[in-house]
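Asks:
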Amino acid sequence: MKLKDSKIIVTGGSLGIGKETAKQLVAKGAKVLITGRDAGRLEAAAAEIGAFPVVADVASDSDNEKTIQQALTQLGGLDCLINNAGIGTSKSLLEATREDFRKVFEVNVFGAAMLSKLAAQIFVEQNHGTIVNIASTASLRGYERGSIYSASKFALRSMSECWRAELRKNNIRVIQINPSLVTTAFGSTERLERPEESNKLRSTEIAHTIIAALEMDDRGFIPEVTIHATNPW
40 MKLKDSKIIV TGGSLGIGKE TAKQLVAKGA KVLITGRDAG RLEAAAAEIG
90 AFPVVADVAS DSDNEKTIQQ ALTQLGGLDC LINNAGIGTS KSLLEATRED
140 FRKVFEVNVF GAAMLSKLAA QIFVEQNHGT IVNIASTASL RGYERGSIYS
190 ASKFALRSMS ECWRAELRKN NIRVIQINPS LVTTAFGSTE RLERPEESNK
240 LRSTEIAHTI IAALEMDDRG FIPEVTIHAT NPW
């Protein structure tokens, strides 16, 4: 797709991968709307990178409807949805509660699904569009204390496969991005960005991958890509 003048939503756009992706998209000439729950942080990020901010929680159906409506109003349409918003927790099976699972699934699974449904309705009508799901290498394999987060990303990966089967006939591309460990604020209670480490992935590498996948001519698409640090040890 041609990124110049394309109309794109990036959820979780005030920090980390979301913010960096939005920044690179704007630099390519795209019109970008970013969402997040912290109004102050979101508005500061939007002002810095030149995006449109919408305070919204993907776990809220009414907020998702607001996000889509604001995209149509502020951007003048919608060509791409990037489902980046996500949360996680680290608990063993013996520690985990139903509420722990519910909280993570509300954002990582149900939120992504319901916002994608709203976007897909537009994409089907216009006969083109792209959904990008930011998953994780945790969608490919489990790990100790990862049953809640990993299960949510396995679910997102499964939905990505199903949506491809349903939507390709409408010229809609569904792309999944699987980053391994990235130095961001993810997992920080205070939502503070972690300092970069020379041997670990940064948001920059993940955003670059997303941009590269999007820029392929619409006659083709990359269903899934996994990004690892070259030497993280």
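Sequential numbering from 40 applies to the sequence shown in my numbering.
Here a beta-carbon is modelled for each residue, glycine too, at the ideal position from N, C-alpha and C.
1. Over the uninterrupted beta strand (DSSP E) stretch that includes glycine 79, give me the two end residues.
2. To the nearest angstrom, how far is the alpha carbon of phenylalanine 91 from that of serine 237?
3. Just checking my contact of lysine 67 with leucine 42 at CB under 8 angstroms: how many whole Å lie between their CB atoms?
4. Identify whether glutamate 59 lies in helix, strand or coil by the three-state DSSP scheme.
5. Taking the alpha carbon of phenylalanine 140 as the reference point, which residue from Arg184, Gln108 and Glu200 has its own alpha carbon closest?
6. Give me the Cα-Cα distance between glutamate 104 and asparagine 270, rounded to the nearest whole angstrom.
7. Excluding sequence positions up to five away, which residues of its chain have a Cβ less than 6 angstroms from the Cβ of isoleucine 250?
8. With DSSP collapsed to three states, give me the class of leucine 111.
9. Short of 6 angstroms in beta carbon distance, which residues of its chain neighbour glutamate 283, apart from the five on each side in sequence? Order them along the chain.
10. Let's test the definition: count the other Cβ atoms within 10 Å of the Cβ of arginine 196 and tell me whether it reaches 16, buried, or not, exposed.
11. Could you tell me the distance, in whole angstroms, from the CA atom of leucine 206 to the CA atom of valine 171?
12. How about alanine 135 and isoleucine 187: are their beta carbons less than 7 angstroms apart?
13. Counting along the chain, where does the beta strand (DSSP E) carrying glutamate 145 start and finish?
14. Please determine, among Leu72, His167 and Ser199, the residue with the shortest C-alpha to C-alpha distance to isoleucine 107.
15. Can the beta-carbon of threonine 74 be found closer than 7 angstroms to that of alanine 95?
16. For alanine 194, collect the residues of the same chain with a Cβ closer than 8 angstroms to its Cβ; drop the 5 residues on either side in sequence, then sort them by chain order.
17. How far does the beta strand (DSSP E) with leucine 72 in it reach, from first residue to last?
18. Enumerate in chain order the residues of its own chain whose CB-to-CB distance from phenylalanine 162 is below 6 angstroms, with the five nearest sequence positions on each side excluded.
19. Buried or exposed: which applies to lysine 70, given that a residue is buried once 16 or more other Cβ atoms fall within 10 Å of its Cβ?
20. Give me the Cβ distance between asparagine 217 and leucine 179, rounded to the nearest whole Å; I'm assuming they're in contact under 8 angstroms.
21. Just curious, the beta strand (DSSP E) that threonine 265 is in, first and last residue?
22. Using 10 angstroms around the beta-carbon of arginine 132, count the other beta-carbons present and answer buried if the total reaches 16, otherwise exposed.
23. Ignore the nearest five residues each way along the sequence and tell me which others in aspartate 118's own chain have a CB closer than 8 angstroms to its CB.
24. Ordered along the chain, which non-local residues of its own chain (more than five positions away) have a Cβ less than 6 angstroms from that of serine 199?
Replies: Taking the geometry as given:
1. It is not in any beta strand (DSSP E) - glycine 79 instead sits in the alpha helix (DSSP H) that spans 78-88.
2. 32 angstroms
3. 4 angstroms
4. helix
5. Arg184
6. 42 angstroms
7. Gln63
8. helix
9. With the chain covering 40 to 272 only, the question about residue 283 has no answer from this structure.
10. buried
11. 13 angstroms
12. yes
13. Counting along the chain, glutamate 145 falls outside any beta strand (DSSP E), and DSSP gives it neither H nor E.
14. Leu72
15. yes
16. Phe144, Asn147 and Val148
17. 70-75
18. Gly168 and Ile211
19. buried
20. 6 angstroms
21. 263-266
22. First, the residue type needs correcting, since residue 132 is leucine and not arginine in the sequence shown. Classification for leucine 132: exposed.
23. Met40, Ser45, Lys46, Ile47, His167, Gly168 and Thr169
24. Asn172, Val213 and Gln215
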